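Undergrad: This is the structure I have questions about; it appears just below.
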Ligand SMILES: Nc1nc2c(ncn2[C@@H]2O[C@H](COP(=O)(O)OP(=O)(O)OP(=O)(O)O)[C@@H](O)[C@H]2O)c(=O)[nH]1
Ligand SMILES: [Mg+2]
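Residue numbers (this note's numbering): -15 to 442.
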């Protein structure tokens, strides 16, 4: 299925570090390792597998010593790629690792392409596709939660669950196919109802997994929230209060903020990038005008908006237009300056905000911030409780949706009394959807695209 040559690459990032690792995989690994590595104490003979050996890396032609190093050989199949693998752990200077890599390439290896080690692991059945994607996400994780979701996927959590759904589906398929093969045994009404029930239960599980994507995506990539409101209500003060530092300029002059300032806070493992922006109002000032346009665009693209009102002053037409601008968006309304006597008409707020949650805060005195954070988290996650398993990858979600559509069609086919062949076609389609996730059915283009996004050496 792939060219069985030996590939090599530097597996650690460029630059200086304590250690750098040069890695090779393929049939020539052991030969090359022996040619370039001399064990300390003059010991010769075979390198024991899965054992670290200490010695020097030598150019066998010139006898030049390149570095002192630890070398490990992992004979197949017990290696990351499922092939013979060897790694040289050398001193972490960019020149040292490069010189060792060149030596390995001269002795017959080829420079690995991005993700090629992991691709070989997949092609050799060491990992399925969802696990390989989990490895990539683990490398890219930006929060602890994202990291643990990725690790679970790399260890096969999602694959196992998808495998169980696939088994359930196969049971149903067998039943349907039996009545295709033995047409005299038509599917009775009772049996039809039973089948529809089973498919419905399976579809429910697939739908739950799809619903978890919204969570998975937020934990993996983070959420974007805009702080919006008319000038001077305390947007910048609120960002500073949530960050716990004086990050943004705050003044009593309306129109202070013009540029967008984005900072990330951690809401119980959920990374939230908060943008403070120009206050939204009609203005003649050309600089502020651009700021306002920026703000409105940004609100459009955000996952949610945090609208700030000034509780110590009566509402204005500008407050109304801000609330109107976010009507279609997930929004939390913060009524700020709760430390001052309140002058805002709470009836107006309730009527204008509609069903959007409200919270009273004082950015200046740090009151109500915990409640605000809690409400913001609930608003973003929008589900009663954390799903036990989360789909974080759009490709998986799309495949599950294909399965869901096919299962729905299969139920309709049963209800409409269609021939078992037609039910079977839909179930087969659903099976394909599930198998795309783990890579049992897939095309080479998808595989190429997934592994291309890895780094070299992984
Ligand atoms: N008493 C009180 N004053 C506040 C509070 N929050 C903000 N302020 C004051 O309100 C004024 C405006 O605050 P900013 O944070 O600059 O308001 P803003 O919404 O970012 O304003 P622009 O950037 O001009 O749109 C400043 O004088 C703040 O000290 C609060 O909770 N209580
Ligand atoms: Mg401001």
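The beta carbon of each residue, even a glycine, is placed where N, CA and C say it ideally should be. The structure displayed is predicted, hence computed values, not measured ones.
For the putative contact between residue 16 and residue 8, defined by C-beta atoms under 8 Å, what is the C-beta separation to the nearest angstrom?
TA: Indeed, because the Cβ distance is near 6 Å, the residues count as touching under 8 Å.
Undergrad: Which term fits residue 378, buried or exposed, when burial requires 16 or more other beta carbons within 10 angstroms of its beta carbon?
TA: Exposed, by the Cβ-count rule.
Undergrad: With a CB to CB cut of under 8 Å and the five nearest residues on each side skipped, what residues in its chain are close to residue 87?
TA: Answer for residue 87: 20, 41, 43, 50, listed in chain order.
Undergrad: Compute the minimum distance between the beta carbon of residue 355 and the heavy atoms of ligand 1, and state whether it is under 7 Å.
TA: Outside the cutoff, so no.
Undergrad: So residue 108 and residue 66 are in contact, right, with Cβ under 8 Å, and what is the actual spacing, rounded?
TA: Contact flag correct, Cβ pair sits at about 3 Å.
Undergrad: Could you pull the start and end residues of the beta strand (DSSP E) that residue 244 belongs to?
TA: That residue, residue 244, is in no beta strand (DSSP E); it is neither H nor E in DSSP.
Undergrad: List the DSSP bridge partners of residue 21.
TA: DSSP output for residue 21 lists 41 as bridge partner(s).
Undergrad: Just checking residue 316 against ligand 1 - is the residue's beta carbon closer than 7 Å to any of the ligand's heavy atoms?
TA: The answer is no for residue 316.
Undergrad: From residue 147 to residue 423, what does the alpha carbon distance come to, in whole angstroms?
TA: Whole-angstrom Cα-Cα distance: 12 Å.
Undergrad: Please name the residue, chosen from 352, 291, 251, 153, that lies closest to residue 262 on a Cα-to-Cα basis.
TA: When only C-alpha atoms are compared, the closest one is 291.
Undergrad: Taking residue 404 as the reference, which of 122, 282, 219, 179 has the closest Cα?
TA: Checked all of 122, 282, 219, 179; the closest Cα to residue 404 is 179.
Undergrad: Say yes only if the C-beta of residue 325 is nearer than 7 Å to one or more non-hydrogen atoms of ligand 1, and no if none qualify.
TA: Outside the cutoff, so no.
Undergrad: Just list the residues that DSSP pairs residue 1 with in beta bridges.
TA: Paired residues: 76.
Undergrad: Between which two residues does the beta strand (DSSP E) containing residue 320 stretch?
TA: Taken as a continuous stretch (DSSP letters only), the beta strand (DSSP E) holding residue 320 covers 315 to 320.
Undergrad: Should residue 289 be listed as close to ligand 1, given that the test is whether its C-beta is under 7 Å from any heavy atom?
TA: It does not: the Cβ of residue 289 is nowhere closer than 7 Å to a heavy atom of ligand 1.
Undergrad: Considering only the alpha carbon of each residue, which of 200, 135, 273 lies closest to residue 255?
TA: That would be 200, whose Cα lies nearest to the Cα of residue 255.
Undergrad: So which of 429, 400, 392, 430 has the shortest CA-CA distance to residue 414?
TA: The option with the nearest alpha carbon to residue 414 is 392.
Undergrad: Using alpha carbons as the reference points, say which of 362, 371, 322, 370 lies closest to residue 351.
TA: Among 362, 371, 322, 370, the Cα nearest to that of residue 351 belongs to 322.
Undergrad: Does the pairing of the region 203 to 220 with the region 175 to 190 give three or more beta-carbon distances under 8 Å?
TA: Verdict: no, contact absent.
Undergrad: I need the boundaries of the beta strand (DSSP E) containing residue 344, first residue and last residue.
TA: Start and end: 342 to 344.
Undergrad: Assign residue 95 to one of three DSSP states: helix, strand, or coil.
TA: Strand at residue 95.
Undergrad: Taking the alpha-carbon of residue 425 as reference, which of 53, 126, 113, 35 has the nearest alpha-carbon?
TA: Ranking the options by Cα distance to residue 425, first place goes to 113.
Undergrad: What are the boundary residues of the alpha helix (DSSP H) that includes residue 58?
TA: Where residue 58 is concerned, there is no enclosing alpha helix (DSSP H), although the beta strand (DSSP E) it sits in stretches over 49 to 58.
Undergrad: Can you give the Cα-Cα distance for residue 420 and residue 394, rounded to whole angstroms?
TA: If I take the Cα positions, the gap works out to 19 Å.
Undergrad: On the criterion of 16 or more Cβ atoms from any shown chain inside 10 Å, does residue 340 qualify as buried, or is it exposed?
TA: Buried.
Undergrad: Excluding the five sequence neighbours on either side, which residues of its own chain have a C-beta within less than 6 Å of the C-beta of residue 342, listed in chain order?
TA: Contacts found: 317.
Undergrad: Mind listing, in chain order, the continuous beta strand (DSSP E) runs of no fewer than 3 residues lying wholly within the region 251 to 321?
TA: As far as the region 251 to 321 is concerned, its whole beta strand (DSSP E) runs of at least 3 residues are 254 to 260, 288 to 294, 315 to 320.
Undergrad: Who does residue 248 pair with in a DSSP beta bridge?
TA: Its beta-bridge partners are 257.
Undergrad: Using a Cβ distance threshold of 8 Å, determine whether the region 91 to 105 contacts the region 53 to 69, with at least three qualifying pairs required.
TA: With a cut-off of 8 Å, the region 53 to 69 and the region 91 to 105 count as touching, because enough Cβ pairs lie within range.
Undergrad: To which residues of the same chain is residue 376 closer than 6 Å at the C-beta, ignoring the five residues directly before and after it?
TA: So the qualifying residues of the chain are 133, 200, 204.
Undergrad: Could you tell me whether any non-hydrogen atom of ligand 2 is closer than 7 Å to the CB of residue 267?
TA: Result no, Cβ not under 7 Å from ligand 2.
Undergrad: By the 10 Å Cβ neighbour count, where 16 or more other Cβ atoms means buried, how is residue 213 classified, buried or exposed?
TA: The residue in question, residue 213, is buried, as its Cβ has 16 or more Cβ neighbours within 10 Å.
Undergrad: Using 10 angstroms around the beta-carbon of residue 250, count the other beta-carbons present and answer buried if the total reaches 16, otherwise exposed.
TA: It counts as exposed.
Undergrad: Should the region 281 to 296 be called in touch with the region 344 to 363, which here means at least 3 C-beta pairs below 8 Å?
TA: Yes, the region 281 to 296 is in contact with the region 344 to 363.
Undergrad: Considering residue 333, what are the terminal residues of the alpha helix (DSSP H) in which it resides?
TA: 330 to 337 is the extent of the alpha helix (DSSP H) around residue 333.
Undergrad: Can you tell me the Cα-Cα spacing of residue -9 and residue 99, whole angstroms?
TA: Those two C-alpha atoms are separated by around 11 Å.
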